[in-house]
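> Numbering (the working numbering), first residue to last: 1 to 267.
Beta carbons are placed, not taken as given, at the ideal position from N, Cα and C, and that holds for glycine.
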Ligand code: NAP
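(1) For residue 13, count neighbouring Cβ atoms within 10 angstroms of its own Cβ and tell me buried if that reaches 16, exposed if not.
(2) Figure out for me which residue from 208, 229, 42, 26 has the closest Cα to the Cα of residue 9.
(3) Short of 6 Å in beta carbon distance, which residues of its chain neighbour residue 167, apart from the five on each side in sequence? Order them along the chain.
(4) Taking only three categories from DSSP, how would you classify residue 120?
(5) Exposed or buried, what is residue 163 when buried is set at 16 or more other beta-carbons lying within 10 Å of its beta-carbon?
(6) Excluding five sequence neighbours on each side, which residues of the same chain lie with their C-beta closer than 6 Å to the C-beta of residue 206?
(7) Compare the C-alpha of residue 214 against each of 201, 204, 192 and name the closest.
(8) Grab me the residues of residue 20's own chain with a C-beta within less than 7 Å of its C-beta, minus the 5 sequence neighbours each way, in chain order.
(9) Please return the same chain residues whose Cβ sits closer than 8 Å to the Cβ of residue 6, not counting the five positions on each side in sequence.
(10) Looking at C-alpha atoms only, which residue of 30, 27, 88, 75 is the closest neighbour of residue 55?
(11) Hey, would you say the C-beta of residue 87 is under 7 Å away from at least one heavy atom of ligand 1?
Here it is as structure tokens:
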């Protein structure tokens with residue numbers, strides 16, 4: 001049996017096992033996807049132990065995405081982002097990748113959002129924000145990063161080509177001329193709140209929220225009311241899983257099957 005899994009803490013509510021098992025079922029694969037919660041001090045031992053046991057691939061989530069970089073050989077994108085969410089044990093040494101960035105890009109592509117030359121505004125400069133910032137910039141967008149803690153946005157902007165850092169008070173001005181807005185803060189997960197003033201949203205914007213619980217956030221409702229195009233957070237979650245599956249197995253993922261299962265789990 002092929003074994004895959006997720007390293008994080010906590011991982012009990014993760015939807016990843018269901019998304020990956022849907023793909024294994026579709027292809028009749030003898031495979032399983034398990035969740036593991038190692039102690040932070042045992043992260044390296046856990047990764048090395050997984051390799052020794054023949055585990056094919058691991059996803060990595062909070063709080064291990066940054067620390068895991070010490071135990072794998074990073075690809076170029078994960079190296080620039082400074083975080084790993086996918087480990088591949090297929091080679092001589094475990095390799096580390098960042099399919100959050102790939103997931104964000106593919107979610108936007110799926111909705112035909114043109115990023116080359118776009119003016120993108122990214123709200124949030126945490127772990128997910130870093131991955132999205134590089135995804136937008138690599139695809140040719142200029143990226144205005146706005147964050148509650150302004151220094152964090154400025155720091156991220158120094159690492160990302162064609163990016164500038166701002167506080168949240170700049171959002172109205174930044175959005176006036178923007179084509180794309182991505183929320184990568186956790187605002188909207190708990191409480192019916194949006195990190196973006198509703199009156200800054202307009203018809204010319206595509207708004208992607210990476211929060212996926214709830215699926216229909218206050219930001220996306222405000223965006224729909226302003227006639228903006230909306231993309232919910234399940235798309236990025238789906239495509240990071242698709243990218244991990246394809247890296248591990250070398251075959252094209254059954255995207256629609258994975259999407260159907262994911263959406264049946266979310267409200
Ligand atoms: P993180 O590293 O803790 O970063 C949190 C971000 O949210 C920071 O920018 C933080 O600003 C901001 N923030 C938190 N509370 C805020 C508030 N009350 N007002 C304004 N800004 C606030 O978390 P993360 O790992 O980046 O995750 C962020 C969100 O993305 C979570 O909801 C997570 O579930 C989601 N996510 C989705 C996917 C997907 O595939 N769809 C993938 C990864 C993450 P400060 O810097 O000022 O603290």
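Looking at the coordinates:
(1) With fewer than 16 Cβ atoms within 10 Å of its Cβ, residue 13 is classed as exposed.
(2) Ranking 208, 229, 42, 26 by Cα distance to residue 9 puts 42 first.
(3) Non-local C-beta neighbours of residue 167 in its own chain, meaning closer than 6 Å and more than five positions away in sequence, comprise 150, ordered along the chain.
(4) Reduced to three states, the DSSP call for residue 120 is strand.
(5) Classification of residue 163: buried, given that the 10 Å Cβ count is 16 or more.
(6) Taking C-beta separations shorter than 6 Å and ignoring five residues to either side along the sequence, the partners of residue 206 in its chain run 113, 180, 229, following chain order.
(7) Ranking 201, 204, 192 by Cα distance to residue 214 puts 192 first.
(8) Excluding residues within five positions, the ones whose Cβ falls inside 7 Å are 4, 33, 241, 245.
(9) Cβ within range, chain order: 14, 16, 17, 33, 34, 35, 36, 58, 59, 60, 61.
(10) Selected option, being the one with the closest Cα: 88.
(11) Not under cutoff, so the answer is no.
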